[in-house]
Each structure stands twice: as structure tokens, then as C-alpha cells.
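Heads up: the first sequence is residues 2 to 490, going by my numbering.
Report on the following structure.
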Amino acid sequence: MSDTAVTTSTATFDQFGLAPDILRAVKESGYTTPTPIQAQAIPVVLAGRDVMGAAQTGTGKTASFSLPIIQRLLPQASTSASPARHPVRALILTPTRELADQVAANVQSYAKHTALRSAVVFGGVDMNPQSDQLRRGVEILIATPGRLLDHVQQKTANLGQVQILVLDEADRMLDMGFLPDLQRILNLLPKERQTLLFSATFSGEIKKLAATYLRNPQTIEVARSNSTATNVTQIVYEVAEGDKTGAVVQLIRERSLKQVIVFCNSKIGASRLARSLERDGVVATAIHGDRTQNERMQALDAFKRGEIEALVATDVAARGLDIAELPAVINFDLPFNAEDYVHRIGRTGRAGASGDALSLCSPNERKQLADIEKLIKRPLEVQHLTVDAPVRHHHEERPPRRERVDGREERGSRRRTGAPSGSFDRPHHHRAQPVDDFFLKPYVPSPSSVRKIEEAAAASAAPQKPASKQPLAALLGGFGMPRKTPSSS
DNA sequence: AAAAAAC
2 MSDTAVTTST ATFDQFGLAP DILRAVKESG YTTPTPIQAQ AIPVVLAGRD
52 VMGAAQTGTG KTASFSLPII QRLLPQASTS ASPARHPVRA LILTPTRELA
102 DQVAANVQSY AKHTALRSAV VFGGVDMNPQ SDQLRRGVEI LIATPGRLLD
152 HVQQKTANLG QVQILVLDEA DRMLDMGFLP DLQRILNLLP KERQTLLFSA
202 TFSGEIKKLA ATYLRNPQTI EVARSNSTAT NVTQIVYEVA EGDKTGAVVQ
252 LIRERSLKQV IVFCNSKIGA SRLARSLERD GVVATAIHGD RTQNERMQAL
302 DAFKRGEIEA LVATDVAARG LDIAELPAVI NFDLPFNAED YVHRIGRTGR
352 AGASGDALSL CSPNERKQLA DIEKLIKRPL EVQHLTVDAP VRHHHEERPP
402 RRERVDGREE RGSRRRTGAP SGSFDRPHHH RAQPVDDFFL KPYVPSPSSV
452 RKIEEAAAAS AAPQKPASKQ PLAALLGGFG MPRKTPSSS
């Protein structure tokens, strides 16, 4: 290669001293230029230092730790068939199953020309194939915490020789109550090891975790955390709660969105919206924690193959998932946690492409909107969206009188008397555009009645579930740690 | 307030 006359500061992967087998895999993946996090992290990880990294997936974070890990394990890679020659040397933990699967696919592709073996284990699927693979021996293991502990207990995983630990999306893991599991896992690892912690934010809890388990870490921070990509256009649409479904259909059609992830705050809401969209001719499917792992994987695969227009998701899909060329994300609900907004819209506009983040905001979500604007430190453009044809479905009866009364009361209470710019009061700054008095429109949604009907339908269609988890958890004895410490509120 | 994660 003749890159003698490099006039720009453009670097290549050659500069890191990675093995040819790794560089070949990188090239085959189509990457030529390291991203900022890769340029910073790779040398530090290669040097064996602990890392405290602030970066989201999509910044090239996975490669930033995978490539140097493979390099560091390479001299010890054995072509021997003996499992004893393939102890777990690198462990990568992620908060969600889909993220584990995705990281594993990346690691697999970067290591494909080496003798290193990798595997992924997570819950919701048969343990046996995972156990078989672990018994054959893997050097790099990607896992969600619960299933990993299960394997440890089954003695199919031995963590006694782990040299490198990665905590991916560490803040998310803490949010999800994984701290006890993390502590158990960390106690199984050799003290002498390298630890890499990646987190979108450096909260007090994260800092405490780092202080406990990292040794003199190098802090690496690309793009300020909580910032949103500039190539993502963010628009907030004011809509009445009951107009949201119609609004989604309208946005998809008006903007000719080939593919979109629609985020909902609840599992039942996601399922319901997916069904409504289907009835309106949008090919849609839901992905959330109440679906089987098989359904979740099928939904994601079908979406990635382009067979599905709208993937209706809970925050299980908010973080880390990498879907190529996703043109838009719609927030059907504004997230309660403002940080989740940043993660959700980070699913679009990846790898330098442009993307649209379209958020529906009903009057009772103003606090969430204010929280988001505070977090991202700028106001969002708010537009009013006139929903031409509110979606009504045949099973949905006309709202009973009571609903109409409620609706009228709501309109009245929301209205600012004599205010020209409408009823949508936003305390901190002026809006980008004036707003109609749309709450005075005759259409009154009846979300509560819709919800009841659909919840009843969903409940009757849902498979039988065990009555209670308590007795089962008790049977598990010492292993069954509470997944969550009830932090009362 | 809701989501996720082991059987």
C-alpha cells in the first residue's frame, strides 16, 4: 500500500499493529478508517490498561474493544481440539439478549481468520446447545448476566481464567438491577485481569462500580454523552393521545418511510400498536420482553431483511441495536427516562447517514419533553400534526357518553383562555411554530375504552402462564437472588 | 411508571 502522501489526518487500521488475520477480517467487513473511539481505545486496550469508555454503539464501540481483545488473545490461541486448551479468556457482558447476539456476530466476524473461538449465551433459549459449545471450549464468551450465572452453576462455564472483562452498556445493566449478578460474576474472575467498562453516562453509581472493579482506568470519551447526532433531524409532533396511531400511519405514508422503529413505553402498547398498524396496511410486528426469544429474534431478523416496515418496540430495542440504513425512528410515547430518548433516536442516522427522529407528544407528556430538552440541552422543534383520518377499528365501539364528557373536560382544562398559540403550554422557551387549537376539534379519542377492549383480547389470546414466580424462586434457594432491590418511591 | 434479565 502506498499511503506516503497522506494529506488528511485520515488514519487506517494498519497503524495499530494488529495481526494480518485481524486486518483481513476488518477489511472484509468493509471498514477502512477507524472511528474516533476506535482510534483512542484500541491502543489503550492493546497496552493492557483498564478503560472507562463513554460511547454508544454505532460509534464503532464494539470493534474498539473486540479488535484489540482478539489481538491480545491471539498469541495464546490454540488450534488444539482439547477444550482445556480453550478456556474463557475474554468475557463480554451486555444488558439485553439482542445486544449480546449482535456483539457476538461482530466478534465472530473479526475473529474468523484466527483460531480463537467465540460463543454467546443468553436466556430465553435452550441451554443445551450453549452448554455443548462451552464444553468444546471458547476463548471469547459474550453473555447476558443471568444465563451466564446459570452456566456457572451448571459448571458448563468456568470463569477462572478470564483475562479481559468487558461491561457493555454498564449504566443500562445497573438500571436493570444487574448489580447483584455483576458482583457475583466479578467475584468469580481472577483479580489479575483487564477490565473495560462502557457506559453512555458516568453516573455516581457507574463511578462507584468503576472505582471498585477497575484499576487505574484510562477514561475515553468520544462525543459528549447525552449529545445527539447532528445528522438526525428531530421533530416533535403534538397530537392528542387517541390520534397517535393515526399519526404513525400518516407519518409513514406522508414521508414514504420504508422502514421505521416505533418505540412504545409499554409491552401491551407495543403489541396493540403493531396490530393496529397491520390493520391499516403497514407491515408491522412487535418486539418486547413478553414475546418469546424466538419471536423476538424472528422479528428483528425479518426487519433487518426488510420484510417488515414497522418494528414496534419497547426499550428492549432502544440501546445498541445496529440496523443498517434505518431512515427514521418514531417515538409513539415519549420515554419516561430522558436518556432513553437519546438511545432510541440513536438507532437512526448511524454511520454518518441522515435520519429522522419523529416524536409524538400528547399533552400529558410535556414533562417528558421538558426533561429531554434539558438533557440534550436544546429545545426541540415542535409542530402540530393534523391527523386526517383517525384510525378506528371495527371492533372499537363508539365511545360511551362518559368518554365524551371526559374528553370535553380535558379540552376545557387544557385550554388557555384567549391564548393565540393554542393549548400546548411550554414553560421554558417558545415553540418553533404556532399551534392550532386542536384540542377543540370534534374528534375525541377514547383510549381507555380501546385499551380495555384490546387488553381483554390480548389476555384471552395470551398463552397460559404460571400463576406465580414466587414459589419457583424460593425453590431455587440460594441461587435465586432478587433481581431487583425494590427502591421504593 | 415501565422496561429488561435465569429456570
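We treat Cβ as the ideally placed atom computed from N, Cα and C, and that holds for glycine.
Since the structure is predicted, the reported quantities are computational estimates derived from the model, not experimental observations.
Using the C-alpha atoms, what's the distance from residue j back to residue i?
i, j, result
"residue 313", "residue 329", "13 Å"
"residue 372", "residue 339", "6 Å"
"residue 217", "residue 67", "21 Å"
"residue 350", "residue 358", "9 Å"
"residue 22", "residue 195", "23 Å"
"residue 437", "residue 388", "Note that residue 437 has pLDDT 29, beneath the 50 cutoff, so the model's placement of it is unreliable and no number is given."
"residue 76", "residue 116", "10 Å"
"residue 128", "residue 38", "35 Å"
"residue 140", "residue 88", "6 Å"
"residue 143", "residue 108", "9 Å"
"residue 317", "residue 161", "31 Å"
"residue 7", "residue 14", "With a pLDDT of 32 at residue 7, under the threshold of 50, the modelled position of this residue cannot be trusted, and the question is left open."
"residue 337", "residue 102", "27 Å"
"residue 53", "residue 251", "43 Å"
"residue 406", "residue 241", "Note on residue 406: pLDDT 30, under 50, position unreliable in the model; the coordinate value appears next. When rounded, the distance between both Cα atoms is 16 Å."
"residue 386", "residue 292", "32 Å"
"residue 17", "residue 43", "7 Å"
"residue 415", "residue 238", "Residue placement at residue 415 cannot be trusted, given a pLDDT of 33 that sits under 50; what the coordinates show is reported in the next sentence. Their Cα atoms are separated by approximately 17 Å."
"residue 424", "residue 369", "Bear in mind that a pLDDT of 35 at residue 424, under 50, signals an unreliable position, so the model cannot answer this."
"residue 262", "residue 99", "15 Å"
"residue 148", "residue 74", "24 Å"
"residue 275", "residue 163", "43 Å"
"residue 273", "residue 308", "20 Å"
"residue 197", "residue 166", "6 Å"
"residue 69", "residue 333", "39 Å"
"residue 277", "residue 36", "40 Å"
"residue 268", "residue 289", "6 Å"
"residue 327", "residue 215", "36 Å"
"residue 181", "residue 159", "19 Å"
"residue 156", "residue 125", "19 Å"
"residue 260", "residue 343", "19 Å"
"residue 179", "residue 213", "16 Å"
"residue 60", "residue 264", "22 Å"
"residue 40", "residue 335", "35 Å"
"residue 233", "residue 154", "45 Å"
"residue 473", "residue 123", "Only weak support is given to the placement of residue 473: the predicted model assigns it a pLDDT of 28, under 50, and the value that follows is read from those uncertain coordinates. Going by the C-alpha atoms only, they are around 20 Å apart."
"residue 280", "residue 90", "50 Å"
"residue 211", "residue 62", "18 Å"
Where does the unbroken beta strand (DSSP E) through residue i begin, and where does it stop?
i, result
"residue 43", "Taken as a continuous stretch (DSSP letters only), residue 43 belongs to no beta strand (DSSP E), being part of the alpha helix (DSSP H) at 37-47."
"residue 160", "Here residue 160 belongs to no beta strand (DSSP E), and DSSP marks it neither H nor E."
"residue 322", "Here residue 322 belongs to no beta strand (DSSP E), and DSSP marks it neither H nor E."
So residue i is in the alpha helix (DSSP H); what residue range does that whole segment cover?
i, result
"residue 286", "Segment 285-288 is the beta strand (DSSP E) holding residue 286; no alpha helix (DSSP H) there."
"residue 66", "62-74"
"residue 171", "171-176"
"residue 190", "No alpha helix (DSSP H) contains residue 190, which DSSP labels as neither H nor E."
"residue 207", "205-214"
"residue 23", "21-29"
"residue 149", "146-154"
"residue 133", "128-137"
Pull up the DSSP beta-bridge partners for residue i, would you.
i, result
"residue 195", "165"
"residue 220", "53"
"residue 309", "Partner(s): none; residue 309 has no beta bridge."
"residue 200", "55"
"residue 1", "Absent from the structure is residue 1, since the part of the chain shown begins at 2 and ends at 490."
"residue 314", "264, 288"
"residue 329", "261, 357"
Should the segment 127-141 be regarded as contacting the segment 299-318, the criterion being three or more beta carbon pairs within less than 8 Å?
no
With a cut-off of 8 Å, do at least 3 Cβ pairs link the segment 360-371 to the segment 243-258?
yes
Which runs of the alpha helix (DSSP H) spanning at least 4 residues fall entirely within the segment 84-126, listed in chain order?
98-111
So, do the segment 179-187 and the segment 216-224 have three or more beta carbon pairs nearer to each other than 8 Å?
no
What are the start and end residues of each continuous alpha helix (DSSP H) run of 4 or more residues lying completely inside the segment 331-398, in chain order?
339-346, 367-377
At which residue ranges does the segment 235-280 contain complete beta strand (DSSP E) runs of 3 or more residues, listed in the order of the chain?
261-264
For the 8 Å Cβ check, are there 3 or more pairs between the segment 164-174 and the segment 204-211?
yes
When the Cβ atoms of the segment 42-53 are set against those of the segment 87-100, are three or more pairs found closer than 8 Å?
no
With three or more C-beta pairs closer than 8 Å as the rule, is the segment 376-383 touching the segment 249-265?
no
Does the contact criterion of 3 or more C-beta pairs under 8 Å hold for the segment 17-31 versus the segment 151-170?
no
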